[in-house]
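Numbering-wise (our numbering), the sequence shown opens with residue 49 and increments by one.
Report on one structure; see the data block that follows.
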Amino acid sequence: MTQPTATPFSPLRPVPEGVASPDGRWLYLPAASGGLDAVAAASGELRWHRAEAALALLAEDAQVLVLEPTGQGQLRPCWLDAADGAARAQRSGVLPPPLPHLAGGPGAWAITDSVWHGDRLLLAWSARAFGGQAPVARGVLALDPAHLAQAAEDARWPPPPAWPGSADLQPFAEGGTPLPPWTVQGDVVALALREPPAGERALLLLRRGDGPPATAVLVEPLPPPGCLQPLASPDPGLVTLLHSADRAGDGPVPVWRLFAAPDGTPLATLAAEDGLLPPFCRCGERLLARRLGALAHKRASPPRQLCAWQVGDGRPLWQRPLPPHSPQRLG
């Protein structure tokens, strides 16, 4: 996963496995028993449920764009009323599977990422044969939300913006792979590695507005290699660092440190609990991530929950069960 690269002011407000409303009051999430739930971001309490919907893609003030399976690996885009989940508008046709042989054939396809580009919602997909580990194909679908239609032109994932830093700074790598720059609130931001003789070894969050030069809005001194790891998030306004810090007598203790982009404001420090599953996303004054529970028995899937914490003190707020498997698998 990489931080999303999109048009400067994207209407997408991603949360784990769903989306948030523009005001951050409501979350549209997969229901544990199937379908889609609208829940209060402050409490996790249910507002409404729609059994026919599989995945929320985009939320506006008055309506929510979802995909509803119709069988044979096909999907129907549909706008739901944000107040009660009733269908407002839906396409008469369907989105076919990306590959014809996946329609009822021996395989499955899944939406793996989404990004807003121009006036289109781009959906990255991957397909694999049943029993296979590696995807057999990948691609991008372009959806026109205004007309609930698949765009006729070939869809391409937008490239990342140009590197905002100077030549003496390197992109910081995640597991050996550099994290490319991304855009948030019209600014280009990037995680950079500063090495001597440019200064003390440190992780920098660079921010560039309308023109050069970029400024470092966050400077984190680097501990020994492997003790500070940035992780990408579908939320462009969030920087996530897994930090192993020494505590007296306890040795290295891992914690999650979360910062706002593009300004580098500290948001919270959370204990890296067993089962906590990044990525994190921010919704107003709350931070969200998934957690895996203990196995009931060896053949069972671990129970999954969506958990919320308070920005600032990291206080746990609520948790809500999720389906056994991610709803992104649609065929």
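Glycine included, each C-beta is placed from N, C-alpha and C at the ideal position.
Whole angstroms is fine: what's the gap from residue i's alpha carbon to residue j's?
i	j	result
L270	A250	5 angstroms
P70	L113	13 angstroms
G92	R136	25 angstroms
V303	L227	21 angstroms
L365	E100	29 angstroms
P78	D192	23 angstroms
R61	P300	34 angstroms
G119	G83	15 angstroms
A190	Q122	15 angstroms
A80	L289	29 angstroms
R338	L325	5 angstroms
L165	G312	Before going further, note that residue 165 is His rather than Leu in the sequence given. Taking the straight line joining both Cα atoms gives about 25 angstroms.
By DSSP, does residue i sit in helix, in strand, or in coil?
i	result
S292	strand
P209	coil
H195	coil
H97	strand
G166	coil
D109	coil
D361	coil
E116	strand
L103	strand
T313	coil
D132	coil
P125	strand
R338	strand
R61	coil
P154	Low local confidence applies: a pLDDT of 45 at P154 is under 50, so the model's placement there is unreliable, and no value is given.
In terms of DSSP beta bridges, what is residue i paired with?
i	result
D161	A172
F328	For F328, which the question treats as bridged, DSSP gives no partner whatsoever.
D283	Answer by DSSP bridge pairing: none, since D283 is not bridged.
R368	L354
Closest by CA to residue i, which one among the options?
i	options	result
A175	L169, W164, L266, T160	T160
A215	P117, L196, L241, T231	L241
P284	L325, A131, Q122, S162	S162
L314	G362, S292, C355, V188	The residue you asked about is not Leu; residue 314 is Pro in the sequence shown. Closest by alpha carbon: G362.
As an exercise, report each continuous beta strand (DSSP E) stretch of at least 3 residues that is fully enclosed by the region 219-276, in chain order. 230-232, 235-242, 250-256, 263-269
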